[in-house]
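Participant: For the sequence shown, the UniProt record's numbering assigns the number 1 to the initial residue and increments by one for each residue that follows. Quick reminder that beta carbons are idealized off the backbone N, C-alpha and C, glycines included.
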Amino acid sequence: MVGKTGIGKSATGNTILGRECFKSKFSPISMTVESSKGKAKVDGHRVAVIDTPGLFDTRVDEEETQKNICQCISYASPGPHIFLVVVRLGRFTEEEKQTVQKIQKIFGHAADKYSMVLFTHGDQLEGTTIEEFLEGSSDLQELVARCNGQYHVFNNKLKERSQVTELLQKIREIVQKNGGSHYTNEMFQEAERLFCKEEWARISVSRCAKLVETDPKRLAAVIAAKSGSAKY
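1. With the cut-off set at 8 Å, would you say F92 and L134 are in Cβ contact?
2. Could you spell out the range, first to last residue, of the beta strand (DSSP E) harbouring S35?
3. Since Q150 and K170 should fall inside the 8 Å C-beta cutoff, what is the C-beta to C-beta distance between them, to a whole number of angstroms?
4. Tell me the DSSP secondary structure of T128 in three-state form.
5. In the DSSP assignment, the beta strand (DSSP E) including F22 goes from what residue to what residue?
6. Rounding to the nearest angstrom, what Cα-Cα distance links K102 and A110 in this structure?
7. Does the distance from the C-beta atom of K4 to that of G38 stay below 8 Å?
8. Can you give me the C-alpha to C-alpha distance between I29 and V175, rounded to a whole angstrom?
9. Quick one: what does DSSP say R91 is sitting in, helix, strand or coil?
10. Just the Cα atoms here: how many angstroms apart are D112 and M187?
11. Would D43 and M1 be called neighbours here (beta carbons separated by less than 8 Å)?
12. Do you know offhand how far A48's Cα is from A145's?
13. Using a Cβ-Cβ cut-off of 6 Å (strictly less than) and excluding sequence neighbours within five positions of I130, which residues of its own chain qualify?
14. Keeping to the same chain, check which residues put their C-beta closer than 7 Å to that of V100; ignore five residues upstream and five downstream.
15. Going by other Cβ atoms of all chains shown within 10 Å of its Cβ, with 16 needed for buried, is T165 buried or exposed?
16. Assuming A40 contacts G18 (C-beta within less than 8 Å), just tell me the rounded distance between them.
17. Given a cut-off of 8 Å on the beta-carbon distance, is the pair H182 and Y75 in contact?
18. Does the beta-carbon distance from L125 to L167 come in below 8 Å?
19. With T15 as the anchor, note down where its alpha helix (DSSP H) starts and where it stops.
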């Protein structure tokens with residue numbers, strides 16, 4: 001399970017497993033600071049759920065949070081069959097868009113076929129269907145499209161287990177569609193390589209922009225040095 005801080009990931013994990021495995025309470029800050037794993041037998045199947053730290057938690061350094069999220073790959077050895085991209089029902093804010101983009105950068109495009117969107121706080125639909133709700137947001141439609149076109153709605157206040165049964169059935173269908181395969185460590189390493197490359201390029205552009213403002217002569221020297229080294 002991956003997503004933003006305070007959207008109900010831990011409560012969702014507890015609902016799936018049918019017991020209190022993860023610390024959960026209503027709070028604007030994340031209850032999860034490190035990835036943790038819970039297991040249970042659900043509907044006759046052995047299920048393992050990994051709860052990850054929420055992104056955009058102001059108490060924790062973003063780089064540290066990303067490292068902790070990456071732990072989920074080793075916890076799910078040999079690799080996760082599904083990434084549940086957890087999104088709270090309501091207005092899809094800019095911060096939530098950035099969260100999804102960050103998750104997709106961390107795990108790469110290869111993770112898309114192993115993903116589905118899980119909406120929490122389903123009680124807020126109040127008679128509106130999830131399909132009607134999605135029609136009002138092109139951003140959410142795009143997110144669902146990237147995640148196998150699959151989504152599910154959870155109401156963690158309900159004790160009704162049918163919502164869990166339906167979720168697991170959708171996950172089994174995705175696993176079957178993928179031929180039983182899972183996200184691999186090799187896929188993650190490739191995503192990590194591309195992520196580092198993009199970050200380095202971003203930092204380099206930022207530094208060049210600062211040099212333009214503060215020391216244009218030094219920038220010219222750097223460019224000349226780069227051009228000279230490229231000839232050999």
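Facilitator: In short:
1. no
2. Element bounds for S35: n/a, residue is neither H nor E.
3. Contact between Q150 and K170 is confirmed by a C-beta separation of about 6 Å, below the 8 Å threshold.
4. coil
5. Premise fails: F22 is in no beta strand (DSSP E) and is neither H nor E.
6. Approximately 14 Å, taken between the alpha carbons.
7. no
8. At I29, the pLDDT of 49 sits below 50, so the modelled position is not reliable and the matter cannot be decided from this model.
9. coil
10. Distance between the alpha carbons of D112 and M187: 11 Å.
11. no
12. 25 Å
13. V153
14. V85, L143, listed in sequence order.
15. exposed
16. Going by Cβ atoms, the distance from A40 to G18 rounds to 6 Å, so yes, they are a contact pair.
17. no
18. no
19. 9-17
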